[in-house]
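Numbering (my numbering), first residue to last: 1074 to 1206. Worksheet: the structure to be examined is printed underneath.
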């Protein structure tokens, strides 16, 4: 993988689309904050390729480090957070990105009532039993 722009780095690594999320996307970062970047690779990246991409992205973005998240392996709640709070950083395959967002939102909103029910049951039990049971 050669140097270059962020766009070039993603294209060379076979990334379909990417998001910046976390404190840098929200504008609440500090100078020493890393950049949280979520990627959707066309095919799985090896740990070595992932590490090389993170290193080169850090240089291109002029940040201390990049924390990469592979969206194809990320849990639903993290995927939902990325598309709700993140900013699109790279659009190599826009139809795939849109399909990913639609699918993630559908799964997320289908899951939300169940997650809320579990949370509410936990809070009721905690209120009834107290912190120390």
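Ideal placement from N, C-alpha and C gives every residue a C-beta, glycine not left out.
Buried or exposed, going by whether 16 or more other CB atoms sit within 10 Å of the CB of residue i?
i            : result
residue 1103 : exposed
residue 1114 : buried
residue 1198 : exposed
residue 1091 : buried
residue 1111 : buried
residue 1182 : exposed
residue 1118 : buried
residue 1130 : buried
residue 1159 : buried
Run through DSSP, which three-state label would residue i get?
i            : result
residue 1129 : helix
residue 1109 : strand
residue 1091 : strand
residue 1074 : Confidence at residue 1074 is low in this model, with a pLDDT of 43, below 50, so the placement of that residue should be treated as unreliable; the coordinate-derived value is given next. Residue state, collapsed to three classes: coil.
I need the straight-line Cα distance from residue i to residue j, nearest angstrom please.
i            : j            : result
residue 1195 : residue 1178 : 25 Å
residue 1097 : residue 1109 : 7 Å
residue 1143 : residue 1202 : 40 Å
residue 1162 : residue 1150 : 20 Å
residue 1081 : residue 1135 : 16 Å
residue 1174 : residue 1155 : 10 Å
residue 1140 : residue 1101 : 16 Å
residue 1128 : residue 1200 : 47 Å
residue 1187 : residue 1079 : 39 Å
Closer than 6 Å by C-beta to residue i: which residues in its own chain qualify, once you throw out the five before and the five after it? Chain order, please.
i            : result
residue 1089 : 1113, 1115, 1165, 1166 and 1169
Once you ignore the five residues that flank residue i on each side, which residues in its own chain have a CB closer than 7 Å to its CB?
i            : result
residue 1152 : 1144 and 1177
**Study point:** beta strand (DSSP E) segments (min. 3 residues) lying fully within the stretch 1132–1203
**Key:** 1139–1143 and 1160–1164
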